[in-house]
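Structure first, commentary second.
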Amino acid sequence: MTMRPHLALPPIAAPAAPARAALLLVVAVLAHGGLPAHADEGQPEVAAPTPPVTWRPPPVARVVAVALARAGLDQAAGAALGRRARWAGLAPWLTVRTLHRRSWTEEEPGLDRGDTLELRATWRLDRLVFDDAEVRARSIDDGRAKARRELARLVIRLYHRWLRLATSGADALTRAELEAELDDLTAGWFGRVTTPRPPR
């Protein structure tokens, strides 16, 4: 039996604790994408951009409706007046009359006096079919319709002139004058809704 010589290897020394900690730190930094970037101390910090202010003009139909409502022209008053005049035919006309009677006869000497109170109620049922007030009511409606058309044309003309200047950014003085006129016609509503507001 042949005996082979046994070679004893020297033991491998374990890395020291500081070296092992440094190695773990390098591995962790590389795993997270490298070292963090540091801003230069001499450069000022850049503020976050301010969000844009949202602005949307109101539709022209809404502006016209508000102007008509502020002027009291949004409803037809003549039709209601005609209906009330017809229904008034159900209410009677009341008349009150007092009669003073004075009489004298030969049979009975002296003056005979008497007072009579007369109360009369009269119904005009023909007013349920037609009343003269309906003619006046129709005239009122015609006048109000004409005023509505004129006011609507004025508001539409001012609004589109203002919108052209507002979108182009030209002639700020004329744009302010037009906005003031529309604000007056809408009792301050137009100025409130056209003022730009920052988003919430």
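Take 79 as the starting number for the sequence shown in the working numbering and just add one per residue. Quick reminder that beta carbons are idealized off the backbone N, C-alpha and C, glycines included. Predicted, not measured: the structure shown is a model, and the values here were computed from it.
**Asked** Hey, how far is the Cα of residue 196 from the Cα of residue 207?
**Response** Here residue 196 is taken as the residue at index 118 of the sequence shown, counted from 1. Here residue 207 is taken as the residue at index 129 of the sequence shown, counted from 1. Computed Cα separation, rounded: 30 Å.
**Asked** Under a Cβ-count criterion, where at least 16 other Cβ atoms within 10 Å of its own Cβ denotes burial, should residue 257 be classed as buried or exposed?
**Response** For the purposes of this step, residue 257 is identified with residue 179 of the sequence shown, where counting begins at 1. Classification of residue 257: buried, given that the 10 Å Cβ count is 16 or more.
**Request:** Could you check what DSSP says for residue 240 in three-state terms: helix, strand or coil?
**Result:** The sequence position of residue 240 within the sequence shown is 162, counting from 1. Helix.
**Asked** Would you say the stretch 211 to 229 touches the stretch 158 to 176, given that touching needs at least three Cβ pairs under 8 Å?
**Response** yes
**Asked** Is there contact here, the stretch 247 to 266 with the stretch 169 to 177, by at least three beta-carbon pairs under 8 Å?
**Response** no
**Prompt:** Run through DSSP, which three-state label would residue 198 get?
**Reply:** Against the sequence shown, residue 198 aligns to sequence position 120. Residue state, collapsed to three classes: strand.
**Rounded straight-line distance, which links the Cα of residue 210 to that of residue 204** = Start at 1 with the first residue of the sequence shown, and residue 204 comes out as number 126. Start at 1 with the first residue of the sequence shown, and residue 210 comes out as number 132. Distance between the alpha carbons of residue 204 and residue 210: 11 Å.
**Request:** Over the uninterrupted alpha helix (DSSP H) stretch that includes residue 23, give me the two end residues.
**Result:** Past the edges of the chain, shown from 79 to 278, lies residue 23, and the structure says nothing about it.
**Request:** Tell me, to the nearest whole angstrom, how far the beta carbon of residue 222 is from that of residue 146; I am working on the premise that it is less than 8 Å.
**Result:** Translated into positions along the sequence shown, residue 222 becomes position 144. Translated into positions along the sequence shown, residue 146 becomes position 68. Contact doesn't hold; Cβ gap of about 10 Å is too wide.
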